[in-house]
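> Take our numbering: the final residue in the sequence shown is number 303, and no numbers are missing along the way. For each residue, glycine too, the CB sits at the ideal point set by N, CA and C. Can you keep this structure in mind? I'll have questions shortly.
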Amino acid sequence: MAVLRAQESSRPDRLFDDPYARHFLQAVDPASSPWSAGASPATAGFLRLMAEQVAVRTRFLDRALLEAAGRGCDQVVLLASGMDARAFRLAWPPGTKVFELDFADVLAFKTAVLDGRGATAACHRVEVATDLRQDWPRALTESGFDPARPAAWLAEGILYALPPEAADLLLDRITGLSAPASMLALDHMEDSELLRSARADISAELVGLWRGGPTENLDAWLTRRGWQPAVTVIADAAAACERPVPPAFDPAHAAAGRGWLATARLPKPL
Ligand SMILES: C[S@@+](CC[C@H](N)C(=O)[O-])C[C@H]1O[C@@H](n2cnc3c(N)ncnc32)[C@H](O)[C@@H]1O
34 MAVLRAQESS RPDRLFDDPY ARHFLQAVDP ASSPWSAGAS PATAGFLRLM
84 AEQVAVRTRF LDRALLEAAG RGCDQVVLLA SGMDARAFRL AWPPGTKVFE
134 LDFADVLAFK TAVLDGRGAT AACHRVEVAT DLRQDWPRAL TESGFDPARP
184 AAWLAEGILY ALPPEAADLL LDRITGLSAP ASMLALDHME DSELLRSARA
234 DISAELVGLW RGGPTENLDA WLTRRGWQPA VTVIADAAAA CERPVPPAFD
284 PAHAAAGRGW LATARLPKPL
């Protein structure tokens with residue numbers, strides 16, 4: 034993700050600017066990372082397939098989170114936050130708390146890199162070191178999250194990597210912690226011949242990372258739990274940004290799959 038965000042940030046027509054992405058790359062020994070620029074033709078091929086999807090989804094999700102924060106969701110939860118630098122790079126309304134959930138070592142690496150660069154969070158940033166397979170709702174509330182207040186949730190780059198029952202549990206837990214007027218933003222993609230073979234060229238481990246996520250369509254999956262979803266296909270989101278349809282999600286390509294971006298709101302009681 035950092036490679037793709039750094040690449041996009043260097044474009045004159047960039048859809049977002051993430052000045053921190055290249056710092057994460059510079060902190061890693063290129064010899065030890067399959068993702069370093071020019072690592073191999075296989076890596077370059079996979080990154081090319083994903084690049085426009087990541088650019089478009091980042092812009093879409095940035096806007097969704099800022100819009101929710103602007104209308105009162107002053108708690109923002111980034112699930113499996115990885116190298117997501119939104120806590121640093123977005124103009125949050127004063128008083129916004131951003132919770133970042135990931136493994137302790139991932140958060141420690143991220144914070145060490147950002148501290149080393151003198152980066153300052155643009156919000157009240159709270160690290161929540163946890164395993165999302167364990168009791169993370171408890172870790173989140175113990176870190177100061179208030180389930181009685183509306184929140185903006187982000188599940189980016191996660192759903193496709195979860196088995197269906199884990200995806201259901203994730204959404205059940207988010208819903209259980211969400212006060213009325215909360216917002217959930219996410220991306221999702223189905224696997225495809227194009228993506229599978231590009232991943233297989235890199236490693237078998239990467240092939241196995243795709244576990245499918247929700248078995249029903251996102252509209253039904255979210256509506257069933259009381260959310261009011263708005264689902265967009267990647268091709269339309271790309272067109273709205275005047276970007277080409279990402280090849281891995283191009284309906285004109287037989288080996289491509291479908292990809293979606295979604296926001297959903299929990300209605301306020303009448
Ligand atoms: C594909 S990245 C997505 C990162 C981020 N959301 C983004 O879009 O840049 C996956 C992230 O999930 C984290 N992760 C994977 N399994 C996890 C788990 N069981 N508990 C917590 N974090 C996990 C990884 O450490 C990694 O940072």
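Do GLY259 and LEU299 have their C-beta atoms closer together than 8 Å?
Their beta carbons are under 8 Å apart, which means GLY259 touches LEU299 by this criterion.
> For ALA172, which residues from the same chain have a beta carbon less than 7 Å from its beta carbon, with the 5 sequence-adjacent residues on both sides left out?
Taken in chain order, the residues that qualify are VAL161 and THR163.
> In terms of residue numbering, what span does the beta strand (DSSP E) encompassing GLU18 cover?
Because the chain spans 34 through 303 in this model, residue 18 falls outside it and cannot be assessed.
> Restricting to runs no shorter than 3 residues, where is the beta strand (DSSP E) found entirely within the region 144-210?
Runs of the beta strand (DSSP E) inside the region 144-210: 157-162 and 184-188.
> At a cut of 8 Å, does the region 94-102 reach the region 61-78 through at least three beta carbon pairs?
These segments do not touch.
> Would the C-beta of ALA113 count as close to ligand 1, meaning under 7 Å from any of its heavy atoms?
The answer is yes for ALA113.
> Would you say the beta carbon of ARG166 is closer than 7 Å to some non-hydrogen atom of ligand 1?
Yes - ligand 1 has a heavy atom lying nearer than 7 Å to the Cβ of ARG166.
> At what residue ranges does the region 229-301 contain a whole run of the beta strand (DSSP E), taking only runs of 3 or more?
DSSP runs (the beta strand (DSSP E)) wholly in the region 229-301: 261-266 and 292-298.
> Would you say PRO197 and THR248 are within 8 Å of each other, going by their C-beta atoms?
Yes, Cβ-Cβ distance for PRO197 and THR248 is below 8 Å.
> Roughly how many angstroms lie between the CA atoms of SER225 and ALA233, to the nearest whole one?
C-alpha separation (whole angstroms): 12 Å.
> Compare the beta carbon distance of LEU255 and TRP293 with 8 Å and say whether it is the shorter of the two.
No.
> Can you tell me the Cα-Cα spacing of VAL61 and ALA188, whole angstroms?
Cα to Cα, the separation comes out at about 25 Å.
> For the alpha helix (DSSP H) holding PHE57, just list the boundary residues, first then last.
Start and end: 54-59.
> Confirm, please, whether the CB-CB distance from LEU58 to ALA39 is below 8 Å.
Yes. Within cutoff.
> Below 7 Å CB to CB, which residues in the same chain sit around LEU37 once its five sequence neighbours on both sides are set aside?
Excluding sequence neighbours, LEU37 sits near LEU80, MET83, ALA84 and VAL87.
> Under 7 Å from any heavy atom of ligand 1, does the C-beta of ALA189 make it?
The identity of residue 189 in the sequence shown is Glu, whereas the question assumes Ala. Within the cutoff, so yes.
> I need the DSSP call for ALA214, collapsed to helix, strand or coil.
Coil at ALA214, not helix or strand.
> What runs of the beta strand (DSSP E), each 3 residues or longer, lie entirely inside the region 115-139?
Listed in chain order, they are 130-135.
> Just to confirm the assignment, what range does the beta strand (DSSP E) spanning LEU48 have?
Unbroken run through LEU48: none, as it is neither H nor E.
> Please list, in chain order, all residues of the same chain as TRP243 whose beta carbon is under 8 Å from its beta carbon, the five residues on each side excluded.
Around TRP243: TYR193, ALA194, ASP224, LEU228, ARG229 and ARG232.
> Closest by CA to VAL266, which one among ASP51, VAL89, SER43 and HIS56?
Measuring from the Cα of VAL266, the nearest candidate turns out to be VAL89.
> How about ALA218 and THR296: do their beta carbons lie closer than 8 Å?
Taking 8 Å as the Cβ cut-off, ALA218 and THR296 qualify as a contacting pair.
> On the CB-based measure, 16 or more other CB atoms within 10 Å of its CB, does PRO277 come out buried or exposed?
It counts as exposed.
> Could you spell out the range, first to last residue, of the beta strand (DSSP E) harbouring LEU111?
LEU111 -> beta strand (DSSP E) spans 108-112.
> When the Cα atoms are used, what is the spatial distance from ALA263 to MET34?
In a straight line, the C-alpha of ALA263 is about 25 Å away from that of MET34.
> Name the DSSP bridge partner or partners of ASP220?
Answer is LEU294.
> Is the beta carbon of PHE121 sitting closer than 8 Å to the one on ALA154?
Taking 8 Å as the Cβ cut-off, PHE121 and ALA154 qualify as a contacting pair.
> Buried or exposed: PRO284, going by 16 or more other Cβ atoms within 10 Å of its Cβ?
By the neighbour-count rule (16 or more Cβ atoms within 10 Å), PRO284 is not buried but exposed.
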